[in-house]
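Numbering (my numbering), first residue to last: 7 to 123.
Beta carbons are placed, not taken as given, at the ideal position from N, Cα and C, and that holds for glycine.
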Amino acid sequence: MALMDRQKMAIRCLQNLNRVAAGETPNGADYTLAMEFVNSGYAKLKNLGLAPFDIDLIPEFAQASIRDYCCGDLASMFGLDIARRQEFDMKKAQALAEMRVQFEANWNTMPVESWYF
């Protein structure tokens with residue numbers, strides 16, 4: 007299983023938005039912006055309990071969902087037309103739903119305490 011760090015995730019987001027071709031290096035401004043959105047997207051998912059891993063150790067099964075989630079926010083920054091932004095918004099919603107399904111087994115894992123009198 008290949009783990010991905012935040013730098014590779016930022017580049018993958020830019021490739022998904024057609025801002026960088028595969029194998030090319032992104033320009034500094036786009037890369038910095040993508041890094042900010044990857045960090046904020048990860049923080050949002052972490053607060054929801056949907057990212058129980060380190061941002062620099064993203065597992066393979068979560069990479070596509072995190073990419074789509076971050077691209078949903080990032081798409082509006084590059085002046086994409088409405089149809090393309092809506093496409094990325096739908097992918098973001100789908101990614102959020104997929105992450106919930108993947109990690110819902112971890113939800114409500116608090117032990118139940120019973121008090122008998």
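Nearest to residue i (by Cα), restricted to the options the options
| i | options | result |
| --- | --- | --- |
| PHE109 | CYS19, ARG12, PRO58 and ASP79 | PRO58 |
| LEU56 | LEU102, LEU9 and TRP121 | LEU102 |
| ARG12 | ASP95, ALA68 and GLY85 | ALA68 |
| LEU63 | LYS98, LYS97, TYR48 and SER120 | TYR48 |
| LEU51 | SER120, PHE123 and ALA99 | ALA99 |
| LEU80 | LEU54, ALA35 and LEU9 | ALA35 |
| MET10 | SER71, VAL26 and THR31 | SER71 |
| ALA8 | TYR122, MET83 and GLU66 | GLU66 |
| CYS76 | ASN53, LEU54 and SER46 | SER46 |
| VAL107 | ASP95, ILE61, ASN22 and LEU54 | LEU54 |
Reduced DSSP category for residue i - H, G, I as helix; E, B as strand; rest coil
| i | result |
| --- | --- |
| TYR72 | This sequence places Ile at residue 72; Tyr is not what is there. It is helical. |
| ILE64 | strand |
Residue interval of the alpha helix (DSSP H) (run including residue i)
| i | result |
| --- | --- |
| THR38 | 34 to 53 |
| LEU86 | Here LEU86 belongs to no alpha helix (DSSP H), and DSSP marks it neither H nor E. |
| LEU23 | Here LEU23 belongs to no alpha helix (DSSP H), and DSSP marks it neither H nor E. |
Taking contact to mean 3 or more Cβ pairs, one atom from each stretch, closer than 8 Å, check whether the stretch 91 to 98 and the stretch 34 to 41 are in contact. Look at the beta carbons and you see the stretch 91 to 98 not touching the stretch 34 to 41: under three pairs across the two are nearer than 8 Å.
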